[in-house]
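A.B. asks: With full-length UniProt numbering as the guide, the letters of the sequence shown map in order to residues 1 to 335.
Ideal Cβ positions, reconstructed from N, Cα and C, are used throughout, including at glycine.
Before anything else, here's the structure in question.
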Amino acid sequence: MKINKKIKSHILSKTVDKDRRKVGIEVECFVYTKNYKRLSVNPSNEYSATDLLHDLSNISKKKNGSYSLEPGGQIEWSSPPFADVRDLEQSIHSYKKSIDSVLEKRGLISLYMGVEPFCDPDSIDLIKHKKYQLMNLNMEKRGTLGKWMMRNTSSIQVNYDIIDENDLAEIVFIADCIHPISAYLFSNSPFQLGEPVGENNLRNHIWENTDTTRCRTLFDHKIDHPNQLLDLYIKFMMKVPGIFQLDDELEIQDTDLTLGKELKKKLINDKIRSEDIDAALHQIFTNVRLKSLIEIRDIDCLPFKHILAPVAFLTGLISDRSIRKRLINEFLTWT
Numbered sequence: 001m002k003i004n005k006k007i008k009s010h011i012l013s014k015t016v017d018k019d020r021r022k023v024g025i026e027v028e029c030f031v032y033t034k035n036y037k038r039l040s041v042n043p044s045n046e047y048s049a050t051d052l053l054h055d056l057s058n059i060s061k062k063k064n065g066s067y068s069l070e071p072g073g074q075i076e077w078s079s080p081p082f083a084d085v086r087d088l089e090q091s092i093h094s095y096k097k098s099i100d101s102v103l104e105k106r107g108l109i110s111l112y113m114g115v116e117p118f119c120d121p122d123s124i125d126l127i128k129h130k131k132y133q134l135m136n137l138n139m140e141k142r143g144t145l146g147k148w149m150m151r152n153t154s155s156i157q158v159n160y161d162i163i164d165e166n167d168l169a170e171i172v173f174i175a176d177c178i179h180p181i182s183a184y185l186f187s188n189s190p191f192q193l194g195e196p197v198g199e200n201n202l203r204n205h206i207w208e209n210t211d212t213t214r215c216r217t218l219f220d221h222k223i224d225h226p227n228q229l230l231d232l233y234i235k236f237m238m239k240v241p242g243i244f245q246l247d248d249e250l251e252i253q254d255t256d257l258t259l260g261k262e263l264k265k266k267l268i269n270d271k272i273r274s275e276d277i278d279a280a281l282h283q284i285f286t287n288v289r290l291k292s293l294i295e296i297r298d299i300d301c302l303p304f305k306h307i308l309a310p311v312a313f314l315t316g317l318i319s320d321r322s323i324r325k326r327l328i329n330e331f332l333t334w335t
């Protein structure tokens, strides 16, 4: 099997029946001490974001999603997937109750905002994890605001199951085309270094200047039509410079190859695994991204009471077939 077909098969490996689609959400937030000092990400003689992750992970054994660390110590919560948005809402409230209980015990404060409002990224430690160390080196070579993205941004990500290839193409095309609307509608980054940013959509601006080879809209990468969208996405992905690759023990190592050449090398040597394809797909940072589900990633972290708003907005647009058709017909006039 050629590598493009293998990647395509991987992306479509978890399709669901049309009445069984589920939606999930990933929410990032900043954590501070009570004097608004960012909680350090790496373990030290003081309580760190790594320690906080350990405490939160013990709570998450109750099966309401999972927690992870972003490179600057931002805490990310990934919800379970739900068929009903109302059930997702209950899960979100349960998450907030859990994280607040831990933060209150430690005298810490969470902030749900798209961009860190106080600190310069040079004052924020980077997590001691090889993947992010390699990513940091990549960002220094390829963009001007990669440090800001890694250390000083937080987002909401909405994830959808895939029904089939046509369903994937329609949802991805719509979500990518409405990026200018959703990015402003759900913008929540009013300050930078303690000063108001005015009308600048700051988090979006940061991402636009992070790494043009793997970020921005799919339109920017000439993926401007739902026809053969998945094939075009894979073709684009294959040309992107790699940040890291997995060795035989699934440990992260650096690479000087494109994602496509790295995967082809493994395929020729009969060593390609699903984990290798996953690792490559994770190195694409477009506003809409594909793995074995659809990820919509262009939404600022919002005040907690509004976190479900982008889920409701996007789900409403993609759930009604007549609305989908009208949107696609409109967007096709742009090209």
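In angstroms with no decimal places, state the Cα-to-Cα distance between Phe313 and Glu330.
C.D. replies: Roughly 18 Å between the two C-alpha positions.
A.B. asks: Are the beta-carbon atoms of Gln157 and Glu70 separated by less than 9 Å?
C.D. replies: No; because the gap between Cβ atoms is not below 9 Å, this pair is not in contact.
A.B. asks: Which partner residues of Leu290 appear in the DSSP bridge assignment?
C.D. replies: In DSSP, Leu290 forms a bridge with Ile294.
A.B. asks: With 9 Å as the threshold, decide whether the Cβ of Leu293 is near any Cβ in chain E.
C.D. replies: In the structure shown, chain E does not exist; there is a single protein chain.
A.B. asks: Taking the straight line between their C-alpha atoms, what separation do you get for Arg142 and Asn200?
C.D. replies: Straight-line Cα distance between these residues: approximately 22 Å.
A.B. asks: Taking the continuous alpha helix (DSSP H) assigned at Ile268, which residues delimit it?
C.D. replies: Ile268 -> alpha helix (DSSP H) spans Leu259 to Ile268.
A.B. asks: Assuming Ile3 and Lys264 are in contact, meaning their beta carbons sit under 8 Å apart, how far apart are those beta carbons, in whole angstroms?
C.D. replies: The pair is a contact, with the Cβ atoms about 5 Å apart (cut-off 8 Å).
A.B. asks: Indicate whether the contact test is met: 3 or more Cβ pairs, each with one atom in the stretch 20 to 40 and one in the stretch 151 to 170, closer than 8 Å.
C.D. replies: A contact exists between the stretch 20 to 40 and the stretch 151 to 170.
A.B. asks: Between which two residues does the alpha helix (DSSP H) harbouring Ser94 extend?
C.D. replies: First-last of the alpha helix (DSSP H) with Ser94: Val85 to Arg106.
A.B. asks: Rounded to whole angstroms, what is the Cα-Cα separation between Asp300 and Leu267?
C.D. replies: Their Cα atoms are separated by approximately 38 Å.
A.B. asks: May I have the straight-line CA-CA distance separating Pro81 from Ile294, to the nearest angstrom?
C.D. replies: Between Pro81 and Ile294, the C-alpha separation is close to 13 Å.
A.B. asks: Measuring straight from C-alpha to C-alpha, what distance separates Val16 and Ala83?
C.D. replies: Going by the C-alpha atoms only, they are around 11 Å apart.
A.B. asks: Could you say if the stretch 55 to 66 and the stretch 113 to 121 meet the contact criterion of at least three C-beta pairs nearer than 8 Å?
C.D. replies: Too few Cβ pairs lie closer than 8 Å, so no.
A.B. asks: When the Cα of Asn227 is compared with those of Ser319, Glu165 and Gly194, which residue comes out closest?
C.D. replies: Checked all of Ser319, Glu165 and Gly194; the closest Cα to Asn227 is Glu165.
A.B. asks: List, from N- to C-terminal side, the beta strand (DSSP E) runs of 3 residues or more that fit wholly inside the stretch 116 to 204.
C.D. replies: Correct list: 155 to 160.
A.B. asks: Helix or strand or just coil, what does DSSP make of Thr15?
C.D. replies: Coil.
A.B. asks: Tell me the rounded alpha-carbon separation between Asn269 and Lys6.
C.D. replies: Cα to Cα, the separation comes out at about 15 Å.
A.B. asks: Which residues in the same chain as Leu39 place their Cβ atom closer than 6 Å to its Cβ, once the five residues preceding and following it in sequence are excluded?
C.D. replies: The residues are Val31, Ala49 and Gly73.
A.B. asks: Would you say Asp100 and Ser110 are within 9 Å of each other, going by their C-beta atoms?
C.D. replies: A contact, by the Cβ cut-off of 9 Å.
A.B. asks: Identify every run of the beta strand (DSSP E) within the stretch 9 to 59, keeping only runs that are complete inside it and at least 3 residues long; order them along the chain.
C.D. replies: Here the runs fully enclosed are 23 to 33.
A.B. asks: Which residue or residues does DSSP assign as beta-bridge partners of Leu69?
C.D. replies: Ile75.
A.B. asks: Within its chain, find whatever has a CB closer than 7 Å to the CB of Ile328; leave out the 5 residues flanking it on each side and keep chain order.
C.D. replies: Only Glu170, Phe173, Ile174 and Pro226 meet the Cβ criterion.
A.B. asks: According to DSSP, what are the bridge partners of Ser110?
C.D. replies: The partner list for Ser110 (beta bridge, DSSP) reads Val31.
A.B. asks: Pairs of beta-carbons, one from the stretch 43 to 58 and one from the stretch 175 to 184, closer than 8 Å: are there three or more?
C.D. replies: Verdict: no, contact absent.
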